[in-house]
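J.: The following block contains the structure, expressed as structure tokens.
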Amino acid sequence: MINRRLFIKAGALGASALSVVGLASARNEKSRSNARTNKPIVIATWDFGVAANQAAWTVLASGGRALDAVETGVRVPEADLANPTVGKGGYPDRDGHVTLDACIMDDKGNCGSVAALEHIAHPISVARLVMEKTPHVMLVGEGALQFALANGFEQEKLLTPESEAAWKAWLKKGKYEPVINIENKSFTSDRLPGNRYNHDTIGMLALDSSGNLSGACTTSGMAFKMRGRVGDSPIIGAGLYVDNEVGGATATGVGEEVIRTVGSFLVVELMRQGMSPREACREAVVRIIKKKPETAKKIQVGFLALNKQGEYGAFSLQKGFSYAVCDAKQQDLLMDGESVY
Ligand code: SD4
């Protein structure tokens, strides 16, 4: 049961500014599921999904491709210096390097990905070029950087003074060993806008007016991770999966558990078998609990899904997973308030 939603002003979505107007009961997903295909529509993880959706909507509203919409949308948090979990300004690894992971997938099953990419502010656009200009799916590290520079991307310093200060503060006590839930330390079920950016990745899914789906996922990964650590976000099937016959799914939270369960692919396959987006997300969460019940109590993982009819849903291990939904009627920031515990 969705028990709490943050409601974002309806307003003209011809891309005018949106504002949070208060807490309220908003959409009725039942009525959606009975309706004809709801398109175009775009959904994205966390509070910062609102601004990202708004940018994506400018593409969708003018009849553009879902692929262009998701790339445009996730570039917003990638460029947001106040966001320490995505793109420029992201928290570094334990050695002080900002390393970014991203992937993108279109309606034809094409996909591209970069992992452990340094010095480039928009990994999602590099991932798209990997998809479109190479015979490969994934480029990592130095090779990904070389590819980006060869294609005209600018080399930038991604570590902001704020993120550097946070890293140095962490170093005082930080142990040089994986701490899987490090960035969820401030996790609270009572979070509100304003207490944002404690975590995470942005995952975005869009259905365009032609009825085609695409998705994108981008992150700086777990804060203060081990050098070389790559999470689920750039891994097709784990952090993101799109099947234009069925739907798409994306994940956020502790990537190791999402990889172990191939979470986003699982969600899409469960939708193929007839589950609603939310039921499929819930089942993927339950698989994580079944595999690692003790770990699951201490971490956050959230899944978000959109099907071919424009129905959407989400489910998370712990309370507090917000996601933004934008269609021709309005934009909402929703919260899946149920805990499996
Ligand atoms: C990762 N899933 O690297 C990503 C980042 C994230 O909470 O969402 N962290 O594991």
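In this text, residue positions in the sequence shown follow the numbering used here: the first is 168, and each later residue adds one.
Note that the Cβ used here is the ideal one computed from N, Cα and C, for glycine as well.
Would D367 and T252 qualify as a contact pair, given that the criterion is a beta-carbon distance under 8 Å?
T.: Yes. Within cutoff.
J.: In angstroms, rounded to a whole number, what distance separates the CA positions of I403 and A332?
T.: Roughly 33 Å separates the two Cα atoms.
J.: To the nearest angstrom, report how far apart N379 and H264 are at their CA atoms.
T.: C-alpha separation (whole angstroms): 37 Å.
J.: Suppose you measure from the CA of Q498 to the CA of A315; what does that come to, to the nearest Å?
T.: Approximately 34 Å between the Cα atoms of the pair.
J.: Quick one: give me the first and last residue of the alpha helix (DSSP H) that D235 is part of.
T.: Per DSSP, D235 belongs to the alpha helix (DSSP H) from A233 to A246.
J.: So what does C493 bridge to, in DSSP terms?
T.: For C493, which the question treats as bridged, DSSP gives the partners V209 and Q498.
J.: From P290 to W224, what distance separates their C-alpha atoms?
T.: When rounded, the distance between both Cα atoms is 21 Å.
J.: Using 8 Å for Cβ pairs, my map puts A552 next to G216. What's the rounded Cβ distance?
T.: An answer regarding residue 552 cannot be provided, because it is not within the stretch 168 to 508 covered by the chain.
J.: Is the number of C-beta pairs between the stretch 435-452 and the stretch 225-234 that are closer than 8 Å three or more?
T.: Result no; under three Cβ-Cβ pairs closer than 8 Å.
J.: Consider the C-beta atom of V241 and the heavy atoms of ligand 1; say whether any pair is separated by less than 7 Å.
T.: Incorrect: V241 has no Cβ contact closer than 7 Å to ligand 1.
J.: Over what stretch of residues does the alpha helix (DSSP H) that includes M438 continue unbroken?
T.: It spans G430 to R439 - the alpha helix (DSSP H) in which M438 sits, taken as one unbroken run.
J.: Below 8 Å on the Cβ atoms is my contact criterion, and I expect H472 with A383 to pass it. Report the Cβ-Cβ distance as a whole number of Å.
T.: Residue identity check: residue 472 is Ala in the sequence provided, not His. Not confirmed; about 15 Å, so no contact.
J.: Can you name, in chain order, every residue of its own chain whose Cβ lies under 6 Å from the Cβ of V297, other than the five neighbours on each side?
T.: So the qualifying residues of the chain are G279 and L306.
J.: Spatial neighbours of A246 within its chain, please: C-beta separation below 8 Å, excluding the five flanking residues on both sides.
T.: Hits under 8 Å: G254, K255, A288 and H289.
J.: Name the DSSP bridge partner or partners of Y479?
T.: Paired residues: L473.
J.: For I426, which of helix, strand or coil comes out of DSSP?
T.: If DSSP states are grouped into helix, strand and coil, I426 belongs with the helices.
J.: For Q322, which residues from the same chain have a beta carbon less than 6 Å from its beta carbon, with the 5 sequence-adjacent residues on both sides left out?
T.: Around Q322: H286.
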